[in-house]
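In what follows, a structure is listed as structure tokens, so that the remarks can point back to it.
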Amino acid sequence: MDFFAVPTITSGMLYCFFVIGHDRRGIVHFNVTKHPTSYWVTQQLREAFRFESKPRFLIFDRDAIC
Numbered sequence: 000m001d002f003f004a005v006p007t008i009t010s011g012m013l014y015c016f017f018v019i020g021h022d023r024r025g026i027v028h029f030n031v032t033k034h035p036t037s038y039w040v041t042q043q044l045r046e047a048f049r050f051e052s053k054p055r056f057l058i059f060d061r062d063a064i065c
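Here numbering that gives the first Met the number 0 is used: the first residue of the sequence shown is 0, the next is one more, and so on.
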């Protein structure tokens, strides 16, 4: 799972959220927005892990970028 910002050519900013399945390294879910809110992030998590497909593990990369 990652959430990061990407600058655009027009000096704007896009915020990307994606979830990768570790077993096959396939993209499970992704979405992009100009204005992220806590509701938007919560909805992305709901859509990524629907029904009984809850994650068994969450791997942190301990990235020092702040």
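C-beta: ideal position from N, C-alpha, C; glycine also.
For this session: Report buried or exposed for Gln-43, applying the criterion of at least 16 other Cβ atoms within 10 angstroms of its Cβ.
Result: When all chains shown are included, Gln-43 counts as buried.
Exercise. Using the rule of at least 16 other Cβ atoms within 10 Å of the residue's Cβ for burial, across every protein chain shown, is Phe-29 buried or exposed?
Worked result: Flag for Phe-29 reads exposed.
For this session: With Pro-32 as the anchor, note down where its beta strand (DSSP E) starts and where it stops.
Result: Looking at the sequence itself, residue 32 is Thr, so the reference to Pro does not match. Counting along the chain, the beta strand (DSSP E) containing Thr-32 begins and ends at 25–32.
For this session: Identify, in the order they occur along the chain, each residue of the same chain with its Cβ nearer than 7 Å to the Cβ of Val-27, setting aside the five sequence neighbours on each side.
Result: Apart from sequence neighbours up to five positions away, the residues of its chain that approach Val-27 with a beta-carbon distance below 7 Å are Val-18, Ile-19, Gly-20, Ala-47, ordered along the chain.
For this session: Kindly indicate which residue of Arg-55, Met-0, Asp-60 has the alpha-carbon position closest to the one of Gly-25.
Result: Of the candidates Arg-55, Met-0, Asp-60, the one whose C-alpha sits nearest the C-alpha of Gly-25 is Met-0.
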